[in-house]
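Residue numbers (the numbering used here): 11 to 101.
Right under this line is the structure:
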């Protein structure tokens with residue numbers, strides 16, 4: 011389950027960065043919303059998957075409240091999922 015979470019976390023973080031730093035500026039600077047539309051749905055699905063897997067792993071790994079909140083908040087902070095992966099899951 012950890013391996014699946016790490017993959018989803020990486021993809022969620024990558025999609026969030028692409029959405030924030032590439033697609034959104036293109037939308038507002040160039041007036042082309044197609045990249046936001048293209049990346050929005052996959053990012054949303056990855057975000058939901060990240061949250062669900064984090065909650066499942068929380069039960070399996072007996073995370074305390076602080077760690078759980080930190081892992082969940084990482085999904086809304088740019089580069090947050092990469093930090094979590096390095097801090098808690100890097101072997």
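Note that the Cβ used here is the ideal one computed from N, Cα and C, for glycine as well.
Check	Outcome
Could you pull the start and end residues of the alpha helix (DSSP H) that residue 92 belongs to?	90-94
Hey, residue 18 and residue 45: beta-carbon distance below 7 Å or not?	no
Could you tell me the distance, in whole angstroms, from the CA atom of residue 80 to the CA atom of residue 37?	31 Å
Under the three-state reduction of DSSP, which class applies to residue 11: helix, strand or coil?	coil
Report yes if the CB atom of residue 49 is closer than 7 Å to the CB atom of residue 30, and no otherwise.	no
Helix or strand or just coil, what does DSSP make of residue 72?	coil
Could you compute how far the alpha carbon of residue 78 sits from the alpha carbon of residue 64?	8 Å
I'd like to check one pair, residue 67 with residue 11: are the Cβ atoms closer than 7 Å?	yes
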